[in-house]
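For reference, each letter of the sequence shown is one residue, going 29 to 311 in this note's numbering.
Single-structure report; data block below.
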Amino acid sequence: MARARHPRAASAPPPVHRQRANVLIAADVPPRRWIGALGIAAFLAAWQLVAMQVDERSTLATPVTVFAAFIDMLHEPFAGSTLQAHLLASLRRFGAGFGLAAMVGIPLGLTMGWNRWLEVVIQPIFNLLRFIAPIAWVPFAVLWFGTGFGGPVLIIFSGAFPACVIGAYGGARMVDPRLLEAARMLGAGHLRILLEVVVPSAVPSMVAALRVAAGNAWQSLVGAELIVATSGVAYLMVRGQMNRTIVIVLVGMLAIGLVGLLLEVLFRHLERYVQRRLGSAVA
C-alpha cells in the first residue's frame, strides 16, 4: 500500500536570539549619510587647522573665509561679473559642447554598432582621435574661434564625444540576437530594426554614457576656460591667481565642485528612472 504523502513543512524561522543579534548589528552600524557627514566635518577641520598656520591671503584661506566670500560674490562682481553670471557663462558653454557631443556621438555610436561596414571604416579613425586629450585641441580652438564662445565649446565637445560614441556603440552591440532575428522574421527592414529594436535596447547604455560624458565635459570646460575664455568660473580663478587672492581661486573651485556634484546626482537619478521604467515595461 502506498504511503501517504505529507506536505513539506515550511522552513522554520530563525531563532529569536539570532533575530535580536541581527537587529543589534544593524543598530550599531551608522547610516551612510552620517559617515559621509563625519568625513566632511573632518576634512573641514583639517583644512581650518592647516589654513591657520599659513598666510591666509596668498597661500590658503580658511573654510569660513571661503564660504563668506562665496556668498558675497553672489551680489558683488569680480572680473566684471557676479559669481552666478560667471556660472551661467560656464553652463552655456557646457550645454552647447555637451549637447553637440550627444547629438553627434550617440547616433554615430549606434550606427557603428549596428552597421559592421561603417564600424570598419570609422573605428580606426575614432580610436586614433579619442586618445587625444581635450586640452590638446586648444591651439585649434584659438586659431579657429579665438577666445569667444566657440573655442571652449570645441574643447568641451572633444572631451564628451568619445564617451557618447563608446556607450552607444556598446549598447547597440549588446542587443539580444534573438530580438534581431525575430524582427527580421516579421519582415522588418534595417531602419525599422534600428529604431524599434536596437535603440530601445541600448537606452540604458546610452544614459550611462551621457553621465560619463557630462563629467568629462565639465572637466574639459574648466581646462578650456583657464586658457581660452574671458568669462566663466575657471576664468574667475585665473583672475584671482593674477591678483594673488587665493580666496577667489578657492571660491571658483568650490563652485566647480558643487556644479559637478549636481550634474552627477541628476544623471544618476535619470539613470535609475530609466532602469525603473524599462523594468516595469518588461514586467
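Note that beta-carbon positions come from the ideal geometry of N, C-alpha and C, so glycine has one too.
Everything numeric in this text was worked out from a predicted model, so none of it was measured.
### Query
Any idea which residues DSSP pairs S109 with across the strands?
F106
### Member of F122, A113 and L115 whose CA lies at the smallest distance from the CA of F247
The sequence shown places Gln at residue 247, rather than the Phe named in the question. The option with the nearest alpha carbon to Q247 is F122.
### Message
Nearest by alpha-carbon distance to G141: which of E104, H218 and R61 is it?
### Response
H218
### Query
From L282 to V293, what distance separates their C-alpha atoms?
17 Å
### Task
Would you kindly work out how many angstroms separate the C-alpha atoms of V181 and A124, rounded to a whole number?
6 Å
#### Entry: Where R296 sits in the DSSP three-state scheme
helix
### Query
How long is the line joining the alpha carbons of L298 and Q81, rounded to whole angstroms?
44 Å
### Message
With a threshold of 6 Å on Cβ separation, who are the neighbours of G137 within its own chain once the five nearest residues in sequence on each side are excluded?
### Response
V193, A196 and Y197
### Task
Give a yes or no on contact between the stretch 223-235 and the stretch 196-210, applying the rule of three or more CB pairs nearer than 8 Å.
yes
### Query
What are the start and end residues of the alpha helix (DSSP H) that includes M270?
V261 to M270
### Beta-carbon proximity list for L254, same chain, < 8 Å, skipping 5 on both sides
A262, Y263, M265 and V266
### Message
I'd like to check one pair, V302 with L115: are the Cβ atoms closer than 8 Å?
### Response
no
### Task
Whole angstroms is fine: what's the gap from N155's alpha carbon to R220's?
29 Å
### Message
Between the alpha carbons of S259 and L66, how many angstroms are there, rounded?
### Response
If you take the alpha carbons of S259 and L66, they lie about 36 Å apart.
### Message
Helix, strand or coil for R158? Go by DSSP, reduced to three states.
### Response
coil
### Query
If we count the other Cβ atoms within 10 Å of its Cβ and call it buried at 16 or more, is G106 buried or exposed?
A small correction: the amino acid at residue 106 is Phe; Gly does not occupy that position in the sequence shown. Label assigned to F106: buried.
### Query
Does the distance from the CB of L291 to the CB of A242 come in under 8 Å?
For L291 and A242, yes; Cβs fall inside 8 Å.
### Query
Which full runs of the alpha helix (DSSP H) of 4+ residues lie inside the stretch 169-219, going along the chain?
178-201 and 205-213
### Query
Taking DSSP as the reference, what is the three-state secondary structure of M234?
DSSP places M234 in the helix class (H, G or I) of the three-state scheme.
### Message
Rounding to the nearest angstrom, what Cα-Cα distance links V94 and L278 in this structure?
### Response
Going by the C-alpha atoms only, they are around 7 Å apart.
### Query
DSSP three-state call for T258: helix, strand or coil?
Residue state, collapsed to three classes: coil.
### Message
Tell me the DSSP secondary structure of V149 in three-state form.
### Response
helix
### Message
Would R239 and P190 qualify as a contact pair, given that the criterion is a beta-carbon distance under 8 Å?
### Response
no
### Query
What is the C-beta distance between P167 and S186, in whole angstroms, given that I count them as a contact (C-beta under 8 Å)?
Going by Cβ atoms, the distance from P167 to S186 rounds to 12 Å, so no, they are not a contact pair.
### Task
Thinking I150 and W165 are a contact (beta carbons under 8 Å), I'd like their distance in whole angstroms, please.
Rounded, the Cβ-Cβ distance is 19 Å, inconsistent with contact.
### Query
Quick one: is G215 buried, meaning 16 or more other Cβ sit within 10 Å of its Cβ, or exposed?
exposed
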